[in-house]
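Residue numbering for the sequence shown is 305 to 391, as defined by our numbering.
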Amino acid sequence: MIGKILGAIAGERAAKHVRGLGGPGGALLGAGAAALIRRLGPLGLVAVAVGGYALKRHLDAKNAEQPGADGQDNEMPANKASQPGQA
Numbered sequence: 305m306i307g308k309i310l311g312a313i314a315g316e317r318a319a320k321h322v323r324g325l326g327g328p329g330g331a332l333l334g335a336g337a338a339a340l341i342r343r344l345g346p347l348g349l350v351a352v353a354v355g356g357y358a359l360k361r362h363l364d365a366k367n368a369e370q371p372g373a374d375g376q377d378n379e380m381p382a383n384k385a386s387q388p389g390q391a
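Below is the structure:
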């Protein structure tokens, strides 16, 4: 019971960082995650943690390959008045 409550609180807070998932959805996700972790046992928990870490590294590497992945636009905006031959 306490595990479900703590999982719901953690899920609700985690949902604030995920687009499309509100507070109640995060609470349900957290409560379900607590039950799933309990069933997986210690080896399953380690496997989930390693898989999550590997997924994060993969997504970070994939985002680093894309131009402008750092969130900054490095190109100057084109100003039509400053281009030669334009009036």
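For glycine and all other residues, C-beta sits at the position ideal for the given N, C-alpha and C. The structure displayed is predicted, hence computed values, not measured ones.
> Taking all protein chains shown into account, do 16 or more other C-beta atoms lie within 10 angstroms of the C-beta of L333, making it buried, or fewer, making it exposed?
Replying inline: The residue labelled residue 333 in the question sits at position 29 within the sequence shown. By the 10 Å Cβ count, L333 comes out buried.
>> Could you tell me the alpha carbon to alpha carbon distance between E316 and L363, rounded to whole angstroms?
In response: Counted from its first residue, the sequence shown places residue 316 at position 12. Counted from its first residue, the sequence shown places residue 363 at position 59. Rounded to the nearest angstrom, the two C-alpha atoms are 23 Å apart.
> Going by the CB atoms, is the gap between A353 and A331 shorter than 8 Å?
Replying inline: Locating residue 331 in the sequence shown gives position 27, where the first residue counts as 1. Locating residue 353 in the sequence shown gives position 49, where the first residue counts as 1. Contact flag unset, no.
> Just how far apart, CA to CA, sit L310 and L347?
Replying inline: Mapped onto the sequence shown, residue 310 falls at position 6. Mapped onto the sequence shown, residue 347 falls at position 43. Using only the alpha carbons, I get a separation of about 21 Å.
> By how many angstroms is the C-alpha of A335 removed from the C-alpha of P328?
Replying inline: For the purposes of this step, residue 328 is identified with residue 24 of the sequence shown, where counting begins at 1. For the purposes of this step, residue 335 is identified with residue 31 of the sequence shown, where counting begins at 1. Counting only the Cα atoms, A335 lies some 11 Å from P328.
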